[in-house]
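Have a look at the structure below, then the notes.
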Amino acid sequence: MSWLHHLPAWLQFVAVVGVFTGVALAGLFLTRPFMRRLRGTENELVGFVYAVVGVVYAVLLATLAVAAWEEYGAVEAAASHEAAAMQEVYLDARGFAPPVGARVQAHLRENADAVIDQEWPAQARGEPVSHTGTRAFGRIVRIFDELRDVAPATEGEKILLAEVVAKINSLLEYRRIRMVRGTEGLPATMWWVIWLGGFLTVAFTYLFFAENLPLHVLTTLLLSLAIGMVVFLIVSLDRPLLGAAGVSVEPFVSGRERMELMDR
Numbered sequence: 002m003s004w005l006h007h008l009p010a011w012l013q014f015v016a017v018v019g020v021f022t023g024v025a026l027a028g029l030f031l032t033r034p035f036m037r038r039l040r041g042t043e044n045e046l047v048g049f050v051y052a053v054v055g056v057v058y059a060v061l062l063a064t065l066a067v068a069a070w071e072e073y074g075a076v077e078a079a080a081s082h083e084a085a086a087m088q089e090v091y092l093d094a095r096g097f098a099p100p101v102g103a104r105v106q107a108h109l110r111e112n113a114d115a116v117i118d119q120e121w122p123a124q125a126r127g128e129p130v131s132h133t134g135t136r137a138f139g140r141i142v143r144i145f146d147e148l149r150d151v152a153p154a155t156e157g158e159k160i161l162l163a164e165v166v167a168k169i170n171s172l173l174e175y176r177r178i179r180m181v182r183g184t185e186g187l188p189a190t191m192w193w194v195i196w197l198g199g200f201l202t203v204a205f206t207y208l209f210f211a212e213n214l215p216l217h218v219l220t221t222l223l224l225s226l227a228i229g230m231v232v233f234l235i236v237s238l239d240r241p242l243l244g245a246a247g248v249s250v251e252p253f254v255s256g257r258e259r260m261e262l263m264d265r
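Its first residue numbered 2, the sequence shown is counted upward by one per residue in the numbering used here.
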């Protein structure tokens, strides 16, 4: 399913919804001659089974859509908090005596550049990126190395050092969420259930033969369209950092610009 994420949003919509509606209508016309001979038989049984299948599939889709939206929001929030923590540490570093403060700020600028230019594009392409094996993570480690040699002489300097270390630890936690959960998605077996369950649900409409062909086509089309749109929503939210519809790198770009403004 990862290839879908590299398509523009409108093309994703056309691909997903088009598959559902196309297959649904093709199945309707292929099965209609056979269903004509069975019309009027066991409609109550078919209706009961269809109701159960429809409810089960609707609950499944709703659960997955909400879960995908929450995961997308969690990664988006983590990226925003990570960028904010980076800016806060950059500002706090001015309180350290030179050259420690300047070196910490330099490492933060390099960290931001590495995230914007290397990590984010790689994750957007779906490439595996190590949480701890990148240049951006190396810059954060160097910050800890710089702070290890700081010997606070006053109570204020002790508080500042503790605050900066706490914010860097928060930055690392938000970074872990972004790196690990940003490219995680539904397993292949779940996607099989989504697609096959959708086609099975639509296929039940074939069992209710209608003499009025345009009405039968319309009901099948609307049902497949509704299912296709929910599946499209899940596809677009799955793997939050992947593809054109992924979480934006804008918080880091804005944060990098603010660092430049702080130095003026």
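Using N, Cα and C, we set each Cβ at its ideal position, and we do this for glycine too.
Source: prediction; values computed, not measured.
To the nearest angstrom, report how far apart Ile-141 and Ala-167 are at their CA atoms.
13 Å
Excluding five sequence neighbours on each side, which residues of the same chain lie with their C-beta closer than 7 Å to the C-beta of Val-18?
Leu-226, Gly-229, Met-230, Phe-233
Can you list the alpha helix (DSSP H) stretches of 4 or more residues lying completely in the stretch 87-159, in chain order?
101-115, 121-125, 136-149
Would you kindly work out how many angstroms separate the C-alpha atoms of Glu-72 and Ala-80, rounded to a whole number?
12 Å
Threshold first: 3 residues or longer. Then list the beta strand (DSSP E) segments lying entirely within the stretch 190-256, N to C.
none
Classify Leu-12: buried if its beta carbon has 16 or more other beta carbons within 10 angstroms, exposed otherwise.
That one is exposed.
Is Glu-1 helix, strand or coil by DSSP?
Because the chain here runs from 2 to 265, residue 1 falls outside it and cannot be looked at.
If you draw a straight line from the C-alpha of Tyr-207 to the C-alpha of Leu-29, how long is it?
6 Å
Rounded to a whole number of angstroms, what is the C-alpha to C-alpha distance between Val-101 and Gly-157?
16 Å
Do His-6 and Arg-240 have their C-beta atoms closer together than 9 Å?
yes
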